[in-house]
Amino acid sequence: MTPGAICSPSDALAANPKATKSQTNDRTYDSNGKLTSATVTLAKITGHFSESRSMDPDNYPFGSKITKDAELQVYVIGHELAHVEDAQTPQGRAAQDVPQGLASLLGVMKDVEGTRRMQDDPVAGSLTSILNADAKRNENVADDRAKGIVESFRQCTSKTGCP
Ligand SMILES: [Zn+2]
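According to the numbering used here, the sequence shown holds residues 8 to 170 in order.
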């Protein structure tokens, strides 16, 4: 795709029949800090409410309440593209970069200290808390964005908001 331009969903979307989880990763940035690519993977179970694992209401306050397949499909696609949109903002990038660095640091600490000592290490505990807070922030941003998309979809399907 053209560097610096995420214009079409087909640039970023991949349906993966083997994926068990929909996710967005492989974000890359140019030297100006502009997002140049990302990979969005949609799991085969997307939009099958009965097969989906339940969503944590803390991370997905809106998504966790959806019970209709069609709305879940709209939600998941909107949610993953919201991660791409968020990654184009400085806050969104920081909330990805910092956790990657911390996760690497935790990995090194685990190698040095061993899993057992890590459990009692206050620094490891603090780093884990920061990682969890960033993950929650990222999911909440995407959940809120997808909420607006699902609400538009509901208006449209009830024939009150279609163009
Ligand atoms: Zn997400």
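We put the CB at the ideal spot given by N, CA and C, even for glycine.
Of all residues, those with a beta-carbon under 6 Å from at least one heavy atom of ligand 1 are H86, H90, E146, A149, reported in chain order. Looking at the backbone, the Cα of S57 and that of T31 are separated by about 23 Å.
Beyond the five residues adjoining it in sequence on each side, R152 comes within less than 6 Å, by CB distance, of A89 in the same chain, given in chain order. Minimum Cα-Cα distance from D141 among the listed residues D37, P106, D128 corresponds to P106. Judged by their CB atoms, L49 and S71 are not nearer to each other than the 8 Å cut-off.
Under the three-state reduction of DSSP output, Y82 falls in the helix class. The count of Cβ pairs closer than 8 Å, one atom from the region 32–52 and one from the region 61–77, stays below three, leaving the stretches out of contact.
Per DSSP, reduced to three states, the secondary structure at A142 is helical. Beta-bridge analysis with DSSP links Y36 to L42. Taking all protein chains shown into account, D63 has fewer than 16 neighbouring C-beta atoms within 10 Å of its C-beta and is therefore exposed. Following the DSSP letters along the chain, one finds D118 inside the alpha helix (DSSP H) bounded by residues 97–126.
The three-state reading of DSSP puts I137 in helix, counting H, G and I together. E146 and S159 have their C-alpha atoms roughly 20 Å apart.
A straight-line Cα-Cα distance of about 24 Å links H86 and D37.
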